[in-house]
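Each remark here refers to the structure printed beneath this line.
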Amino acid sequence: MPVAAIAVGVAGFSYVYGQAKEAKRVPDQVSGGRWVIHDLSRPKPPVVTPGTFPDGEKPGTPPSDAIVLFDGKDLSKFKSGNGDASWKVENGAMIVDGKAGVETREPIGDMQLHVEWASPAQVKGDSQGRGNSGIYIMGKYEVQVLDTFENSTYADGGATAIYGQNPPMVNACKKPGEWQAYDIIWRGPRFDAEGKVTREATVTVIHNGVLTQDHYRLTGGSGHYNQPKYSKHDEKLPLQLQNHGNPVKYRNIWYRPLQQLGERNNVVDWKPETPAGAAEAK
């Protein structure tokens, strides 16, 4: 490119930028007019130190703002029924005991959830009888855990299926015994006073770095040979890990609570410290 052309381009950019600084303030439609575009008084995103990804036998680490449910040491954040969690902990992993499931002691709502799991290295059974467990979000909506590596089963029951509803887009399962990772973005349903659904639940799932559920809108809770349907419940409920009789292992379980959505589907409902547009954009 000729030097003269570069000079003209730079001068033009400076001119446009100068105009932008002096232009009238433009309300930001995404925030519903609470801010102006490029408003320096708009709250800045909090700083989060990223964690690390799992690497084979080495588990990942959570980001700095995560709430850790299981760090490989104990099951203090879980219970079975009215008592302590019945599963055992070995070599940094919690193992399904074949007797009961476990659930978090605290209720959880909208969240980013990370779970690492491994099916038994020694293959036993097939279809739904091979490395079967499940992540029951809010105790009602199942993201299937299953060894589907070269294991044929029904499509809506494979790994990361929304069980009985929506098959995964692809099968990203690793070999039996290898550690796998689920990253789940969950927005729970909302109900009015009469129990009518005002917002269906949505879920996005990434399996070993591969998108398998893309903002799927659930039609109700999970069941076996049942039509899914909703029943009114709280916005926060315990997370459950299923006992299906197979010694599936779990490790590095954490979540990040998500802020409430605003009127628009992709907007967090900010609570500004100052009135909209209180500070001039600079």
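Per UniProt numbering, residue 1 is the first one in the sequence shown, and the count goes up by one each step. Each residue gets a CB set at the ideal place from its N, CA and C atoms; glycine is no exception. From a predicted model like this one, the values you see are computed outputs, not experimental measurements.
Length of the line joining the Cα atoms of residue i and residue j
i              : j             : result
alanine 20     : proline 46    : Here the model assigns alanine 20 a pLDDT of 49, short of 50, so the residue's position is not dependable and the matter cannot be decided.
asparagine 132 : proline 27    : 52 Å
histidine 114  : leucine 258   : 13 Å
leucine 69     : tyrosine 141  : 19 Å
serine 41      : glycine 33    : 13 Å
tyrosine 17    : aspartate 65  : Its pLDDT being 48, under 50, tyrosine 17 is placed unreliably in this model, and the coordinates cannot settle the point.
glutamine 29   : proline 43    : 16 Å
arginine 130   : valine 123    : 7 Å
glycine 92     : aspartate 183 : 20 Å
aspartate 126  : glutamate 194 : 44 Å
Sheet register partners of residue i (DSSP bridge)
i             : result
glutamate 90  : Ala93
tyrosine 250  : Met94 and Trp117
threonine 148 : Beta-bridge pairing links threonine 148 to no other residue.
Residue i and residue j closer than 8 Å at C-beta
i             : j              : result
lysine 249    : isoleucine 135 : no
glycine 109   : lysine 24      : no
alanine 159   : histidine 207  : yes
isoleucine 67 : tryptophan 186 : no
glycine 164   : asparagine 226 : yes
Residue i - containing beta strand (DSSP E), residue span
i              : result
alanine 66     : Element bounds for alanine 66: n/a, residue is neither H nor E.
tyrosine 141   : 141-145
isoleucine 184 : 180-187
threonine 104  : 102-104
lysine 78      : Reading off the sequence, residue 78 comes out as phenylalanine, not lysine. Counting along the chain, the beta strand (DSSP E) containing phenylalanine 78 begins and ends at 78-80.
serine 231     : Careful: serine 231 lies outside any beta strand (DSSP E) and carries neither H nor E.
leucine 239    : Per DSSP, leucine 239 belongs to no beta strand (DSSP E) and is neither H nor E.
histidine 215  : 210-217
threonine 49   : Element bounds for threonine 49: n/a, residue is neither H nor E.
histidine 207  : 202-207
serine 222     : Counting along the chain, serine 222 falls outside any beta strand (DSSP E), and DSSP gives it neither H nor E.
### Query
Can you find at least 3 beta carbon pairs, one from the stretch 167-177 and one from the stretch 108-126, that sit closer than 8 Å?
A contact between stretches requires three or more CB pairs, one per stretch, nearer than 8 Å, and the stretch 167-177 meets this requirement with the stretch 108-126.
### Message
I'd like to know if the stretch 200-215 and the stretch 98-108 are in contact, where contact means that at least 3 CB-CB pairs between them fall below 8 Å.
### Response
Flag = no, the stretch 200-215 and the stretch 98-108 do not touch.
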